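Taking it in order: structure first as structure tokens, then the write-up.
Numbering (the working numbering), first residue to last: 276 to 606.
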């Protein structure tokens, strides 16, 4: 169905030696027959990523240098070089169901009359035998943690304000512009916001399935979320339209415990608010951890209890830092 549409796959990479081979194999094995090119845009990797790419004997795969080394620049370079009617953005940290591209193309066509120009699906998270890595997966799946976004909800079908990665009609970039290379993390939110402001729509289809490998260490997941929070903080200054309430909840929590914690001994009201904020937070935290423990094993409860708190603090701290960084850039 819809085989007349040509498809360009774009994969931005940097030091992806652990994931790129399996990722590419899952793309090569797609059932959709009209994938005309697989453009891998490499930010000058220093590991064996480039050697692995060169080992693939597939004429559709092209290795392209990304001297700017940022993801938004890689995506723009790939889109501008692409020849397909549809551009499918792919993350190297994931594997793709064999019908992934076919479902993307079919969904774009199915909702064409509804002005849908970007589609995506849920991400299924890959667990492992590692205790820590599984805890990180649970962080992603939990709505109390990272899982509040629709693309982390496996059964959701419907219109959304953003999707993970995305499959686009190529012409939409000529109309609304490309990814903003001033943004290093929130470039997808910015692009999707511009799509919506032009009157177009974005759709999530639960049958567009990918299997994502999250960060493998506590340090990496906390650093990632600090960076995500920082991007939101900067967006409060330079791109407020992309910020949603869900992005600000960790900031509100962080500021509450810091401000009323500092004035804890000075005012009775501060003491009451601080105790109420932390008490209610840790009750919700424990309830969520017990749910995870019942489903996956009680041994996960202690670390999950700590990780939820650290995750929210790092995101909130990042938002504060990003806000002041954005002010500095603006003035």
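By construction, the Cβ of each residue, glycine as well, lies at the ideal position given by its N, Cα and C atoms. Keep in mind the model is a prediction, meaning the values are calculated, not measured.
Within the DSSP bridge table, the entry for residue 395 names 479 as partners.
If you ignore the 5 residues before and after residue 504, its C-beta comes within less than 6 Å of the C-beta of 590, 593 and 594, all in its own chain and listed in chain order. With the rule of 3 Cβ pairs closer than 8 Å, the segment 488-506 does not count as touching the segment 376-384. In the DSSP annotation of this structure, the continuous segment of the beta strand (DSSP E) that includes residue 340 starts and ends at 336-340.
Taken through DSSP and simplified to helix, strand or coil, residue 308 comes out as coil.
For residue 525, the uninterrupted alpha helix (DSSP H) segment begins and ends at 520-537. Comparing C-alpha distances from residue 520 to each of 575, 507 and 322 shows the shortest one belongs to 507.
Residue 435 is not a Cβ neighbour of residue 376, given a cutoff of 7 Å.
Out of 518, 445 and 411, the CA that lies nearest to the CA of residue 437 is found in 518.
C-alpha of residue 314 to C-alpha of residue 374: approximately 19 Å in a straight line. The alpha-carbon separation between residue 582 and residue 525 amounts to approximately 14 Å.
Per the Cβ contact rule, the segment 395-405 is not in contact with the segment 317-330 (fewer than 3 Cβ pairs under 8 Å). The way I'd put it, the segment 363-373 does touch the segment 471-491; three or more beta-carbon pairs between them come closer than 8 Å. For residue 551, the number of other beta carbons within 10 angstroms of its own is below 16, and it is reported as exposed. Annotated three-state conformation of residue 288 is strand, per DSSP.
Distance from the Cα of residue 346 is smallest, within the candidate group 459, 362 and 304, for 459. The shortest CA-to-CA distance from residue 317 to any of 545, 350, 308 and 586 is the one to 350.
In the DSSP assignment, residue 413 falls within the unbroken alpha helix (DSSP H) covering 406-416. In chain order, 282, 376, 377 and 380 place their CB closer than 7 Å to the CB of residue 307, counting only its own chain and leaving out the 5 sequence neighbours on each side. In the DSSP assignment, the residues bridged to residue 283 are 312 and 362. Contact annotation: residue 429 and residue 479 have beta-carbon atoms that are not nearer than 7 Å.
When only Cα atoms are considered, residue 564 and residue 339 end up about 44 Å apart. Assigned with DSSP and collapsed to three states, residue 463 falls in helix. Per DSSP, residue 434 lies in no alpha helix (DSSP H); the unbroken beta strand (DSSP E) holding it starts and ends at 433-435.
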